[in-house]
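In our numbering, the protein residues as written are 6 to 344.
Okay, so here's the structure we're looking at.
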């Protein structure tokens, strides 16, 4: 009995964290597991057509298959690329310091610029995924992420490198917000946690891969080519993003009925499932898409604030250790700290 209760608490915790990511980064999509199995939508939304099937019921018909696996592959590639780019500085900084004679203040400025760009752009531009759709936001941010990697790898002075890393942080902030939704919006409710597991796993695989690759390649090929090698997964991520359709749940709450039907038909075809031609899906026109006020309404405010504190503490500890430990073990810093 205790084991069953513990498992139920874990499941509720995962759902709360998934909701936090969607709320923090995209800010308007509220999940209703009871009464609206369609997935995401506002409580004030009004159906735009006579409902026959909810989106979740159509997902049950389509099932899990090749389409979802392609989505998870995209999620993994983008998650890997985002966190790998954030982790690069922890292994490259000693080499860059020697090449350009960086002061400790400029080193700090480079690191701060990445995460400041991440934080500011996630807050300011996370709503773009709700206003214009997930796909164009992810595609644009991933293209800019590739450009920022090229700028950083070809930088001829520390100022250009600073700009490149700042752009990287901005791209990751915008990109990751919509990717959280991508991870959860293409499968029925019981499989949503799978997408989040894939995303989180890929992120930390990216962190680990950077350190492993640095051990074998950094001194052999130099930090410029090392950036190129680490950034290679961005290319297949761009191809998948351009090929795969927009999120059906976004289409569902933005009232785009015809585009939704085309997307569902494509999903069914790829999964080799027959979907009725005249299938009707509950479509909601949500007028509050992209509204920050929905974050702090009476329903969401307490969860958003409390989970934001947890998320901040987690990221602070996580990247604090990732960035600090390599610097600590480098000679210039470890000499300052008595052991």
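Beta carbons: idealized from backbone N, C-alpha and C, even for Gly.
It should be emphasised that the depicted structure is a prediction, and the values quoted were computed from it without experimental measurement.
- Residue 327 is a Cβ neighbour of residue 212, given a cutoff of 9 Å.
- Between residue 147 and residue 246 the beta-carbon gap is near 6 Å, inside 8 Å, which marks them as a contact.
- Residue environment analysis places residue 230 among the exposed positions, since fewer than 16 neighbouring C-beta atoms fall within 10 angstroms of its C-beta.
- If you draw a straight line from the Cα of residue 225 to the Cα of residue 219, it comes to about 9 Å.
- In terms of Cα proximity to residue 297, the closest of 132, 116, 123, 112 is 132.
- Secondary structure at residue 236: coil, using DSSP grouped into helix, strand and coil.
- DSSP places residue 73 in the uninterrupted alpha helix (DSSP H) bounded by 71-105.
- In the three-state scheme derived from DSSP, where H, G and I count as helix and E and B as strand, residue 136 is classed as helix.
- Annotation for residue 269: the continuous alpha helix (DSSP H) segment containing it runs 262-275.
- Using a 10 angstroms sphere on the CB of residue 163, the tally of other CB atoms reaches 16 or more, which defines it as buried.
- Shown here for residue 180: same chain residues with a beta carbon closer than 7 Å to its own, the five before and five after excluded, namely 83, 87, 143, 146, 147, 150 in chain order.
- The residues 167, 170, in chain order, have a CB closer than 6 Å to that of residue 115 in the same chain once the five nearest residues on each side in sequence are set aside.
- Exclusion of the five residues before and after residue 273 leaves 67, 280 as the residues of its chain whose Cβ lies within less than 6 Å of its Cβ.
- Comparing alpha carbon positions, the residue from 135, 93, 95, 240 closest to residue 260 is 135.
- Straight through space, the alpha carbons of residue 126 and residue 138 are spaced by roughly 17 Å.
- Between the alpha carbons of residue 85 and residue 182 lies a gap of roughly 14 Å.
- Here residue 243 has 147 as same chain residues with Cβ atoms under 6 Å from its own Cβ, once five neighbours each way along the sequence are excluded.
- The C-beta distance from residue 232 to residue 154 rounds to 6 Å, short enough to meet the 8 Å contact threshold.
- One alpha carbon belongs to residue 206, the other to residue 199, and they sit about 10 Å apart.
- Minimum Cα-Cα distance from residue 178 among the listed residues 187, 130, 278 corresponds to 130.
- Here DSSP, grouped into helix, strand and coil, assigns residue 157 to helix.
- Around the beta carbon of residue 99, 16 or more other beta carbons lie within 10 angstroms, which makes this residue buried.
- Going by C-alpha positions, residue 308 is about 34 Å away from residue 266.
- Minimum Cα-Cα distance from residue 121 among the listed residues 175, 74, 156 corresponds to 175.
- Classified as exposed, residue 113 has fewer than 16 neighbouring CB atoms from the shown chains inside 10 Å of its CB.
- Judged by their CB atoms, residue 252 and residue 293 are not nearer to each other than the 9 Å cut-off.
- By alpha-carbon distance to residue 282, the top candidate from 269, 325, 288 is 269.
- Non-local C-beta neighbours of residue 71 in its own chain, meaning closer than 7 Å and more than five positions away in sequence, comprise 275, 276, ordered along the chain.
- Counting only the Cα atoms, residue 160 lies some 36 Å from residue 202.
- Residue range 60-67 is occupied by the alpha helix (DSSP H) that includes residue 61.
- CA-CA distance, residue 256 to residue 195, rounds to 20 Å.
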